[in-house]
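Presented below is the structure to which this report refers.
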Amino acid sequence: MLEKLLGGGKLEKKVLDTTKKYLQILRSAMECLKNVFLTENIEETYCIDALEREADSLRREIISIIYEGAFLPYIRPNICNFIEITEKAFDALKTCAFEFRYLNKDLFQKIKEDVLRIANINLDMSEILIKAFSALIEKNNIREKNLAIRIYEKRVDEIKLDIADKIRKWEITNFWDGKNISEFIEALTKISDIIEDASDYLYIIDLSLK
Amino acid sequence: MAKKIYEIMNTKLETIPADATVYEAIEKLIDKRIRSLLVLPKDEKDRPGVVTVRNIIFKVLAKNLDPHKVKISEISSKPLITVSKEATVEDVLALMEKYNIARVFIKEGDEIVGVVSFFDIMAHILIERAKS
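Chains as they are written, first to last, in numbering that gives the first Met the number 0: chain H, 0 to 209; chain G, 0 to 131.
As structure tokens, this is what we get:
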């Protein structure tokens, strides 16, 4: 739809293709984080930094192609905003991976199951976000993708409450253990919020083009 | 391949003793924002049951009975309709339709490990549609 509506020139196609690649990298980072939790291998956390750098370079490429004149002026900020929203997901992923490196692993074991459930949902959400982006371009039903993302986000909220219930019952005497696990959970559960925001933004772009 | 029910079940089971009052159940349902409670067996010979908002409305409140005086065991539904955690979503849907019930409890061996409601099934179907 975007391509057709806005002429479907070379620059536009390049932006759309690069954005798809960018979202694929986001998906890979989600998968990487899930594997980190499964294997509890600290070394694997560094894959998220590598993917974030790769995504950063694609993000700059997308923005510069837009500055070269891709898309009609009124649509440009929308694309840029969408990319900037998803960039926050990389920040949260990075924080999560960083905090995991210093996390008290005994504490982690007590919430591992819940953490894995969230990581799985985050991965699923990133896949649906890719499909939502494709739906926007191909004029398919973006509303259904958006709803599925909202359902998933509510599930993460529920799991977050369960984790908070558990954590409140622990007696954590080390300041850094407490700070660390709090920031870890905060970053992990923020990812779904950001994907929901990105999906809402796509939905708004879709509506604005009708 | 059909999705197994344990992948979508809700593992957070809220329970209530069979000798608790209906009012206690109402408080718990409101506090937890849920629509049913698993009723614990009175003794080893007893079986677990379920008490739902529907039970409370039709068997107590609509009849102007005092929820402080009615015991959960007097209004709970038994036996529980259960399936193995390896059952598929389709199996559960068929049970819901057959017994006209809104939730099915999930068992692993003899233990109840989760519950699946209409809402969970609807969310699952919508997510699968979005993924396709």
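Glycine is no exception: its CB is placed at the ideal position from the N, C-alpha and C atoms.
Between the CA atoms of residue j and residue i - distance to the nearest angstrom
i              : j              : result
N173 (chain H) : L187 (chain H) : 21 Å
A163 (chain H) : D113 (chain H) : 11 Å
E185 (chain H) : D105 (chain H) : 19 Å
Y5 (chain G)   : P76 (chain H)  : 43 Å
N119 (chain H) : S116 (chain G) : 21 Å
Neighbour-count burial assignment, residue i, 16 or more Cβ in a 10 Å radius
i              : result
R46 (chain G)  : exposed
I154 (chain H) : Reading off the sequence, residue 154 (chain H) comes out as Arg, not Ile. Answer is buried; the Cβ neighbour count reaches 16.
K130 (chain G) : exposed
Y151 (chain H) : buried
E107 (chain G) : exposed
K3 (chain H)   : Per-residue confidence for K3 (chain H) stands at a pLDDT of 49, beneath the threshold of 50, marking its modelled position as unreliable; the derived number appears in the next sentence. By the 10 Å Cβ count, K3 (chain H) comes out exposed.
G113 (chain G) : buried
G48 (chain G)  : buried
K31 (chain G)  : exposed
A54 (chain H)  : buried
D16 (chain H)  : exposed
Pick from the options that is closest to residue i, judged by C-alpha positions
i              : options                      : result
V14 (chain H)  : H:V35, H:E60, H:R52, H:N34   : H:E60
M8 (chain G)   : G:D30, G:V88, G:I55, G:I100  : G:V88
L57 (chain H)  : H:T85, H:L32, H:K33, H:P72   : H:T85
I55 (chain G)  : G:G48, G:K31, G:Y22          : G:Y22
S76 (chain G)  : G:E96, G:E13, G:I100, G:E127 : G:I100
D123 (chain H) : H:P76, H:G8, H:S191          : H:S191
P109 (chain G) : G:D18, G:T81, G:I124         : First, the residue type needs correcting, since residue 109 (chain G) is Asp and not Pro in the sequence shown. The residue with the shortest Cα to Cα distance from D109 (chain G) is G:T81.
R149 (chain H) : H:K159, H:I110, H:D196       : H:D196
Proximity below 8 Å, CB of residue i to CB of residue j
i              : j              : result
R142 (chain H) : Y200 (chain H) : no
I41 (chain H)  : R100 (chain H) : yes
I82 (chain H)  : T18 (chain H)  : yes
F132 (chain H) : L208 (chain H) : no
K87 (chain H)  : I193 (chain H) : yes
I74 (chain G)  : K58 (chain G)  : yes
V243 (chain H) : A96 (chain H)  : Beyond the ends of chain H as shown, which are 0 and 209, falls residue 243 (chain H); an answer cannot be given.
K159 (chain H) : K109 (chain H) : no
Residues near residue i in its chain [Cβ-Cβ closer than 6 Å; skip 5 each side]
i              : result
V52 (chain G)  : R34
S125 (chain H) : L25, R26, M29
F104 (chain G) : L79, T81, I111, V114
F89 (chain H)  : E51, A54
Same chain only: Cβ atoms within 7 Å of residue i, ignoring 5 sequence neighbours per side
i             : result
E98 (chain H) : N179, E182, F183, A186
S83 (chain G) : K106
A1 (chain G)  : T87, V88, E89
Sequence-distant residues of its chain with Cβ nearer than 8 Å to residue i (five each side left out)
i             : result
V60 (chain G) : Sequence inspection shows Leu at residue 60 (chain G); the Val mentioned does not correspond to that position. Closer than 8 Å at the Cβ level, and outside the excluded window around L60 (chain G), lie P66.
I15 (chain G) : E23, A24, K27, L36, L37, V38, L39, V50, I71
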